[in-house]
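Reading through the structure tokens given below for one structure.
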Amino acid sequence: MKYILFILFALSTGFLSARQVKIGSQSVTDDGALAVQYYQQGAYEKTIVLLEKLVNDPQNDVYFDLYFSSLLKLKKYDVAEKLIKKQIKLFPQNDEFPIALGKLYQEKGDIQSANKIFLNTIDKLPADEFKIRELANNFYRFENYDFAIQTLKQGRKLLNNNQLFVFDLINIYRYKKDKNMLMQEYLDVLSTMPEMLMRAENSLASVFDDKNDYQNFKVAILRKMQKEPDAEVYIELLTWNYIQQQEFDMALRQLVAFDKRTKGNGANIFSAAYTFVYNGAFDTGIKAYEYLIAKGKDEPYFLSSKIELLNTKYNLQTAGKYNIADLALLAEDYKLLINEYGKNKNTLFAVKKLANLDAYYLNKPTEAEKALAEAVSFLGLSAMDIGQLKLDLGDVYILTQQPWEAFLLYEQVSKLYEGQPIGNEARYKSAQLSFYQGNFEYANAQCSVLKTATSQLIANDALNLSLLISDNTQTPTDSSALKMYADAEMLLFRNVPQQALQKLDSIAIAYPKNSLSDAILMTKAKILIKANEYQQACIILKKVTEDYTDGIWTDDALFTLADLYEKKMSDPDQAKIYFQKLVADYPGSMFSAEARKRFRNLRGDGI
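Counted the way mature numbering (1 follows the signal peptide of the UniProt record, and there is no 0) counts, the sequence shown spans residues -18 to -1, 1 to 589.
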């Protein structure tokens, strides 16, 4: 109801605190404002008393909807009918009042008379887009959505244009949650309006409830594709539909078939491969890249696919419980690529990945050190690339028992990029190295500087490390226990998690009254997450949140729990619980803003 909505909004935002509010050339008076308040409170008798004089002014229809609605609420149908028929005589060209009369008959239960009025109004529609949309809006105002749809469809016939009123119909179907008609409307318009694809995907995802909806949509898409087999937008829509159901191989199969049939360049497949990998469907992503590579060296996505294939294999094979033999073969693939394209800035990614494999998985840290030291001198590298290479090299120096060389590199980078993210990262690495070595005082001093770092992650890590040191160096016994914990963290840095776990378990034996229990649990959870043992990690993280509510790791544990449930375990309801708990119980946490954003997204606020 056009004016009710405005008046209610104006009242709620304080706009009616003045003596009156202008609406076009009309105005809401003090009595009108009070009537709105009464209406909101359900005091319809009082609303009517205040509006009786105002509504009889033929020059002022601001109050018609409010007055008419109040009459219907009180079932004063005779008064309402007399009012409407008077308005029809005064304004015979205004379709609003016949629709209101039909609404009155609906309220009285006289559906036949109501429908007769509605259909007669639609039948008299002129071939005028403005008039058609105005009538549809009037039906919508009085909650007659089916007749609004009928009006818009009749308008398409009158104007001989099936592309008209697309957004009007989509909005009504979505409001009604009429999934079938929403699907059909999008399918009908996408071939001529492919730019609506993303809107279609977002809109349908917001109304679909389960796999049956996606299955029904798949059938509808396939029917459409039979009629328009070369319409690329339907292939993209079908691919999206398969991905929503995590049927990644089926999505790839459709894309490959279309690419072969149309002799395409593989652009859609290359784009989809990113989606497959992002969703953890590494095997499907690998198949996609292998298909693009098989198309030949002259194809536009050959080299990019070759690079992404190696990176995908790297992510797959270094996740969870890795296999040394597979990683050795992957290292050979990186070497082949480097040999084919040379050692230069374009193959830097391969040099770094190979060095990482050698250093942390294949027990060849000396080879990694040599490769990274050489890479620093590649021509054409950006200052940021060089800085990151030096940090990587510093990490490897720790593995090759050269902590002083590592410290010098970290200090060099932190000074060169002071105040920048990479500079803060270098300073934090320096603090970590001092922590591993048991130099807690220096590590704490470095962390104190980083507490105000612009990078929230670095600032949070620095704060946690600083608190960990401060809380566990009060006595010689505390410091000794903390040194064992630092040794465990060092083992984890070296990527020997089983040895790290053994060291963590030995702390309680050597120092049964230590105060590191929550920190030990968090490190164990971190090890389990890296091994893809998410259920076990959740059990440990929940213990941290329940047993150490005032601990330094509790907000980290809550955020990690929520993140695991959302991204790794496909349980958005549990994710919402932990995001909400973090926001409510730890508003000062550095994770609070991100937790609030992700909670709202899971709740559907952005839909």
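Glycine is no exception: its CB is placed at the ideal position from the N, C-alpha and C atoms.
Worksheet entry | CB contact flag (Gln410, Asp374, <8 Å) | Within the sequence shown, numbered from 1, the residue matching residue 410 stands at position 428. Within the sequence shown, numbered from 1, the residue matching residue 374 stands at position 392. The sequence shown places Tyr at residue 410, not Gln. Not in contact: Tyr410 and Asp374 (Cβ atoms no closer than 8 Å).
Worksheet item: Just the Cα atoms here: how many angstroms apart are Gln136 and Ala62?
Response: Stepping through the sequence shown from its first residue, residue 136 is reached at position 154. Stepping through the sequence shown from its first residue, residue 62 is reached at position 80. Cα-Cα distance, rounded: 30 Å.
Practice prompt. Taking only runs that begin and end inside the stretch 55 to 135, name each unbroken alpha helix (DSSP H) of 4 or more residues, in chain order.
Written response: 59 to 72, 78 to 90, 93 to 105, 111 to 123
Worksheet entry | Beta-carbon spacing of Leu274, Gly246 below 8 Å | Translated into the one-based positions of the sequence shown, residue 274 becomes position 292. Translated into the one-based positions of the sequence shown, residue 246 becomes position 264. Their beta carbons are not under 8 Å apart, which means Leu274 does not touch Gly246 by this criterion.
Discussion item. Tell me the DSSP secondary structure of Trp535 in three-state form.
Written reply: To locate residue 535, count along the sequence shown from 1; it is residue 553. Correct three-state label for Trp535: coil.
Worksheet item: According to the neighbour-count rule (16 or more other Cβ atoms, all chains shown, within 10 Å of its Cβ), is Pro494 buried or exposed?
Response: As a first step, residue 494 is located in the sequence shown; it is residue number 512 there, counting from the start. Residue environment: Pro494 is assigned as exposed (fewer than 16 neighbouring CB atoms within 10 Å of its CB, all protein chains considered).
Discussion item. Does the structure place the stretch 79 to 94 close enough to the stretch 102 to 122 that three or more beta carbon pairs sit under 8 Å?
Written reply: yes
Fill in: DSSP state of Gly14 mapped onto helix, strand, coil
One-based indexing of the sequence shown puts residue 14 at position 32. If DSSP states are grouped into helix, strand and coil, Gly14 belongs with the helices.
Worksheet entry | Helix, strand or coil at Ser488 according to DSSP, with G and I counted as helix | The residue labelled residue 488 in the question sits at position 506 within the sequence shown. Here Ser488 sits in helix by DSSP.
Discussion item. Please state whether the Cβ-Cβ distance between Tyr568 and Gln556 is less than 8 Å.
Written reply: For the purposes of this step, residue 568 is taken as residue 586 along the sequence shown, with counting starting at 1. For the purposes of this step, residue 556 is taken as residue 574 along the sequence shown, with counting starting at 1. Not closer than 8 Å, so no.
Fill in: Separation of Tyr343 from Ala307, as counted between CA atoms
By 1-based counting over the sequence shown, the position of residue 307 is 325. By 1-based counting over the sequence shown, the position of residue 343 is 361. In this structure, the alpha-carbon of Ala307 lies about 10 Å from that of Tyr343.
Worksheet item: Met572 to Lys113, Cα distance in whole Å?
Response: Position 590 of the sequence shown, counted from the first residue, corresponds to residue 572. Position 131 of the sequence shown, counted from the first residue, corresponds to residue 113. Roughly 54 Å separates the two Cα atoms.
Worksheet item: With a Cβ-Cβ cutoff of 8 Å, do Leu330 and Ala357 count as a contact?
Response: Your numbering for residue 330 matches position 348 in the sequence shown. Your numbering for residue 357 matches position 375 in the sequence shown. For Leu330 and Ala357, yes; Cβs fall inside 8 Å.
Practice prompt. Kindly indicate which residue of Leu445, Ala353, Lys550, Ile491 has the alpha-carbon position closest to the one of Ala519.
Written response: In the sequence shown, counting from the first residue as 1, residue 519 sits at position 537. By alpha-carbon distance to Ala519, the top candidate from Leu445, Ala353, Lys550, Ile491 is Lys550.
Discussion item. I'd like the span of the alpha helix (DSSP H) that includes Val431, first residue to last.
Written reply: Residue 431 sits at position 449 when you count from the first residue of the sequence shown. First-last of the alpha helix (DSSP H) with Val431: 422 to 432.
Worksheet entry | Residues near Gly533 in its chain [Cβ-Cβ closer than 8 Å; skip 5 each side] | For the purposes of this step, residue 533 is identified with residue 551 of the sequence shown, where counting begins at 1. Answer for Gly533: Asp500, Val526, listed in chain order.
Worksheet item: In this structure, does DSSP put Leu344 in helix, strand or coil?
Response: By one-based count along the sequence shown, residue 344 stands at place 362. If DSSP states are grouped into helix, strand and coil, Leu344 belongs with coil.
Worksheet entry | Same chain, Cβ closer than 7 Å to Glu349, neighbours up to 5 away in sequence not counted | Here residue 349 is taken as the residue at index 367 of the sequence shown, counted from 1. So the qualifying residues of the chain are Asp340.
Fill in: Between the CA atoms of Ser185 and Leu584 - distance to the nearest angstrom
Numbered from its first residue, the sequence shown carries residue 584 at position 602. Numbered from its first residue, the sequence shown carries residue 185 at position 203. Spanning the two alpha carbons is a distance of roughly 15 Å.
Fill in: Beta-carbon proximity list for Ile30, same chain, < 6 Å, skipping 5 on both sides
Walking along the sequence shown from the start, residue 30 turns up at place 48. Result list for Ile30: Ser52, in chain order.
Worksheet item: From Ala213 to Thr174, what does the alpha carbon distance come to, in whole angstroms?
Response: Looking up residue 213 in the sequence shown gives position 231. Looking up residue 174 in the sequence shown gives position 192. Between Ala213 and Thr174, the C-alpha separation is close to 10 Å.
Practice prompt. Evaluate contact between the stretch 412 to 429 and the stretch 448 to 459, counting only Cβ atoms and requiring at least three cross-stretch pairs below 8 Å.
Written response: yes
Discussion item. Please state the DSSP three-state secondary structure of Thr329.
Written reply: Sequence index remark: in the sequence shown, residue 329 carries index 347 (1-based). Three-state DSSP puts Thr329 in a helix.
Worksheet item: Would a C-beta distance cut-off of 8 Å place Thr294 and Val238 closer than the cut-off?
Response: Within the sequence shown, residue 294 is the residue found at index 312, counting from 1. Within the sequence shown, residue 238 is the residue found at index 256, counting from 1. Cβ atoms of Thr294 and Val238: not closer than 8 Å.
Worksheet entry | Where the alpha helix (DSSP H) containing Met472 begins and where it ends | Reading the sequence shown from its first residue, position 490 is the one you call residue 472. Looking at the DSSP string, the run of the alpha helix (DSSP H) that includes Met472 is 458 to 475.
Practice prompt. Taking Leu473 as the reference, give the member of Lys90, Ser412, Ile380 with the closest Cα.
Written response: By 1-based counting over the sequence shown, the position of residue 473 is 491. Among Lys90, Ser412, Ile380, the Cα nearest to that of Leu473 is on Ile380.
Discussion item. Quick check on DSSP: helix, strand or coil for Leu415?
Written reply: Taking the first residue of the sequence shown as position 1, residue 415 is located at position 433. DSSP places Leu415 in helix when its eight states are reduced to three.
Worksheet item: Does DSSP put Phe190 in a helix, a strand or coil?
Response: Here residue 190 corresponds to residue number 208 of the sequence shown, with the count starting at 1. Taken through DSSP and simplified to helix, strand or coil, Phe190 comes out as coil.
Worksheet item: What does a CB cutoff of less than 7 Å around Ser574 pick up in its chain, not counting 5 residues either side in sequence?
Response: Here residue 574 is taken as the residue at index 592 of the sequence shown, counted from 1. For Ser574, where only same-chain residues beyond five positions count, the Cβ hits under 7 Å are Leu564, Val565, Tyr568.
Item to complete: Please go through the same chain and pick out, in chain order, the residues whose beta-carbon is closer than 8 Å to the beta-carbon of Ile99, but skip the five residues on each side of it.
Response: Counting from one through the sequence shown, the residue named residue 99 turns up at place 117. Same-chain partners within the cutoff: Pro80, Ile81, Leu83, Gly84, Tyr87.
Discussion item. Taking the beta carbon of Gln517 as the centre, do at least 16 other beta carbons fall within 10 Å, making it buried, or is it exposed?
Written reply: By 1-based counting over the sequence shown, the position of residue 517 is 535. With fewer than 16 Cβ atoms within 10 Å of its Cβ, Gln517 is classed as exposed.
Worksheet item: If you check the beta carbons only, do Tyr196 and Gln227 fall under 8 Å apart?
Response: As a working mapping, residue 196 is identified with position 214 in the sequence shown. As a working mapping, residue 227 is identified with position 245 in the sequence shown. Cβ atoms of Tyr196 and Gln227: closer than 8 Å.
Discussion item. I need the straight-line Cα distance from residue 673 to Met466, nearest angstrom please.
Written reply: The question about residue 673 has no answer, for the chain in this structure spans -18 to 589.
Item to complete: With a threshold of 16 other CB atoms inside 10 Å of the CB of Met180, please say whether the residue is buried or exposed.
Response: Taking the first residue of the sequence shown as 1, we reach residue 180 at position 198. Counting of Cβ neighbours within 10 angstroms places Met180 among the exposed residues, the total staying below 16.
Worksheet item: Can the beta-carbon of Gly376 be found less than 8 Å from the beta-carbon of Lys327?
Response: Indexing the sequence shown from 1 puts residue 376 at position 394. Indexing the sequence shown from 1 puts residue 327 at position 345. It is not a contact, given that the beta carbons lie outside the stated cut-off.
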